[in-house]
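Numbered by our numbering, the letters in the sequence shown go through residues 167 to 458 in order.
C-beta atoms are modelled at their ideal positions from N, C-alpha and C, and glycine is treated no differently.
Have a look at the structure below before the remarks.
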Amino acid sequence: MGATLLSPFAQQINDELEKRFGAAETARVREAWRLMDVDYVHKEALIEGHEYMKQEARSYLPGLTPMPFWDLTTTAWAQELEANWEVVRDEFRAVAMDDADNLKKKGNNVWVAAADSDSAASYGPDWRTLVLMDRTTWDPTNCNLFPKTAKLLSDAGVPCVEAFFASMTPNSKIAPHTDSCNFVLTSHLGLDIPPDCHITVGDETRYWKDGQVTMFDTSSSTSSTCPTSSATTPSPSSPAEAELAGLRTPTGSAPLAPGAAKPKKNKKGGKKKKKGKAAGFGVAQVGGTSRL
């Protein structure tokens with residue numbers, strides 16, 4: 167796209183970013199801001215002719231490489247969450263399950279469905295969340311109800327802009343969709359996962375596991391499935407569920423936050439698909455814009 171004049175408000179933000187942080191240092195960020203100001207929607211086929219290997223983003227930062235899943239084996243904050251995942255699970259069970267009535271009375275927006283119409287159409291009525299952080303702002307009410315989880319996120323240095331618990335009912339699916347932003351990654355920490363619950367990003371499917379952090383890029387087509395009719399424990403909103411902690415974090419070709427993961431390269435350039443499952447189970451995120 168050629169250069170265009172910014173709207174007055176967008177020009178003010180552009181000038182302030184350049185003044186505070188430098189022109190060279192903010193070049194890509196200001197370019198993303200300019201694209202957003204003109205309502206640009208980035209659409210890119212990652213594999214020509216593939217129904218799901220495509221990227222769509224209304225919030226688009228040029229120069230980032232799309233990767234369905236990211237390798238977290240050397241990411242300190244992810245390792246810290248996995249080492250202490252039972253702290254999150256046990257607190258969740260105590261507060262959200264064993265004391266569900268009290269949570270409903272004292273909590274803020276407890277187990278709400280997707281708000282806007284586009285998200286509601288993709289996620290459906292069976293995907294619900296309980297938010298601890300929204301756009302980098304902690305929810306003091308819910309954090310006081312889950313203090314150990316909030317402390318772990320802080321102490322581990324998770325670069326999150328969103329953090330939440332998520333629940334998906336049995337025999338439900340999330341339709342293929344994108345979250346329309348390419349500079350935020352989503353991470354899920356499995357807390358109570360029934361058999362065969364999975365998430366598909368692009369052409370790659372992975373299965374959630376208790377105590378494992380999975381990071382993925384929701385600017386590519388993402389879907390998820392919870393096919394089981396039985397779970398290890400009851401859900402606060404249904405008789406059986408998949409429970410996850412979701413995080414959203416920033417990403418870039420160079421790290422944009424401490425501990426940001428680097429994409430894992432494939433030896434032959436392609437993605438190896440798991441056999442059998444075509445759909446995936448998509449979950450919330452934690453991180454630069456991640457959910458927990």
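#1: Which of helix, strand or coil does DSSP assign to ASP358?
#2: I need the boundaries of the beta strand (DSSP E) containing LEU296, first residue and last residue.
#3: Could you give the first and the last residue of the continuous alpha helix (DSSP H) run that contains THR335?
#4: Measure the alpha-carbon distance for LYS185 versus CYS347 and round it to whole angstroms.
#5: For LYS272, report the span of its alpha helix (DSSP H) as first-last.
#6: Is CYS533 helix, strand or coil by DSSP?
#7: Using a C-beta cutoff of 9 Å, does THR231 count as contacting chain C?
#8: So, with DSSP's three-state summary, where would you put LEU311?
#9: Quick one: residues in its chain with C-beta nearer than 6 Å to the C-beta of PRO291, no 5 flanking neighbours on either side, listed in chain order?
#10: Can you give me the start and stop residues for the alpha helix (DSSP H) that VAL276 sits inside?
#11: Going by other Cβ atoms of all chains shown within 10 Å of its Cβ, with 16 needed for buried, is PRO306 buried or exposed?
#12: Out of curiosity, what's the CA-to-CA distance linking GLU370 and ALA193?
#13: The alpha helix (DSSP H) with PHE258 in it runs from where to where?
#14: Apart from the five residues on each side of it in sequence, which residues of its chain come closer than 7 Å, Cβ to Cβ, to ILE359?
#15: Less than 9 Å between the beta carbons of LEU318 and VAL254, yes or no?
#16: Counting only the same chain and skipping the five closest in sequence on each side, list residues whose C-beta sits under 7 Å from that of THR302.
#17: Are SER387 and LYS209 touching if we call contact CB-CB under 9 Å?
#18: When DSSP builds the beta bridges, which residues end up paired with MET263?
#19: Going by C-alpha distance, which of ALA189, PRO232, ASP237 is nearest ILE213?
#20: For ASN268, count neighbouring Cβ atoms within 10 angstroms of its own Cβ and tell me buried if that reaches 16, exposed if not.
#21: Less than 8 Å between the CB atoms is what I'm expecting for THR344 and SER389, so what's the real figure, rounded?
#22: Tell me whether LEU171 is buried or exposed, calling it buried when 16 or more other Cβ atoms sit within 10 Å of its Cβ.
#23: Between which two residues does the beta strand (DSSP E) harbouring MET202 extend?
#24: When the Cα of THR335 is compared with those of CYS309, GLY323, TRP277, SER320, which residue comes out closest?
#25: Around the Cβ of PHE258, are there at least 16 other Cβ atoms within 10 angstroms (buried) or fewer (exposed)?
In short:
#1: Here residue 358 is taken as the residue at index 192 of the sequence shown, counted from 1. Note: ASP358 maps to strand in three-state DSSP.
#2: One-based indexing of the sequence shown puts residue 296 at position 130. If you look at LEU296, you'll find it in the beta strand (DSSP E) that goes 293-300.
#3: On the sequence shown, residue 335 is found 169 positions in, with the first residue counted as 1. Careful: THR335 lies outside any alpha helix (DSSP H) and carries neither H nor E.
#4: On the sequence shown, position 19 is the one that residue 185 refers to. On the sequence shown, position 181 is the one that residue 347 refers to. Approximately 26 Å, taken between the alpha carbons.
#5: Here residue 272 refers to the residue found at position 106 of the sequence shown. Segment 266-272, the alpha helix (DSSP H) holding LYS272.
#6: Outside the shown range of the chain, which is 167 to 458, sits residue 533, and nothing can be said about it.
#7: In the structure shown, chain C does not exist; there is a single protein chain.
#8: In the sequence shown, counting from the first residue as 1, residue 311 sits at position 145. In the displayed model, LEU311 falls within a helix according to three-state DSSP.
#9: For this step, residue 291 is matched to residue 125 along the sequence shown. Cβ neighbours of PRO291 beyond the five flanking positions: ALA279.
#10: Residue mapping note: residue 276 aligns to position 110 of the sequence shown, counting from 1. For VAL276, there is no enclosing alpha helix (DSSP H), as DSSP marks it with neither H nor E.
#11: Here residue 306 is taken as the residue at index 140 of the sequence shown, counted from 1. Exposed, because fewer than 16 other Cβ atoms sit within 10 Å of the Cβ of PRO306.
#12: One-based indexing of the sequence shown puts residue 370 at position 204. One-based indexing of the sequence shown puts residue 193 at position 27. So the alpha carbons of these two residues sit roughly 33 Å apart.
#13: Position 92 of the sequence shown, counted from the first residue, corresponds to residue 258. Annotation: the continuous alpha helix (DSSP H) that includes PHE258 extends over 251-258.
#14: Indexing the sequence shown from 1 puts residue 359 at position 193. The residues are TRP374, LYS375, ASP376, ALA408.
#15: As a position in the sequence shown, residue 318 is number 152, starting the count at 1. As a position in the sequence shown, residue 254 is number 88, starting the count at 1. Cβ distance < 9 Å, so LEU318 and VAL254 count as in contact.
#16: As a position in the sequence shown, residue 302 is number 136, starting the count at 1. Closer than 7 Å at Cβ, skipping near neighbours: VAL327.
#17: One-based indexing of the sequence shown puts residue 387 at position 221. One-based indexing of the sequence shown puts residue 209 at position 43. No, these two residues do not count as a Cβ contact at 9 Å.
#18: One-based indexing of the sequence shown puts residue 263 at position 97. Here MET263 is not bridged, per DSSP, to any residue.
#19: Residue 213 sits at position 47 when you count from the first residue of the sequence shown. The shortest C-alpha separation from ILE213 is found at PRO232.
#20: The sequence position of residue 268 within the sequence shown is 102, counting from 1. Burial call: exposed.
#21: Here residue 344 refers to the residue found at position 178 of the sequence shown. Here residue 389 refers to the residue found at position 223 of the sequence shown. Actually they are not in contact, since the Cβ atoms of THR344 and SER389 sit about 10 Å apart, beyond 8 Å.
#22: As a working note, residue 171 is residue 5 in the sequence shown. Flag for LEU171 reads exposed.
#23: Taking the sequence shown and counting its residues from 1, the one referred to as residue 202 is at position 36. MET202: not part of any beta strand (DSSP E); member of the alpha helix (DSSP H) spanning 193-203, first to last residue.
#24: Position 169 of the sequence shown, counted from the first residue, corresponds to residue 335. When each option's Cα is compared against that of THR335, the closest is TRP277.
#25: Counting from 1 along the sequence shown, the entry for residue 258 is found at position 92. With 16 or more other Cβ atoms from the protein chains shown falling within 10 Å of its own Cβ, PHE258 counts as buried.
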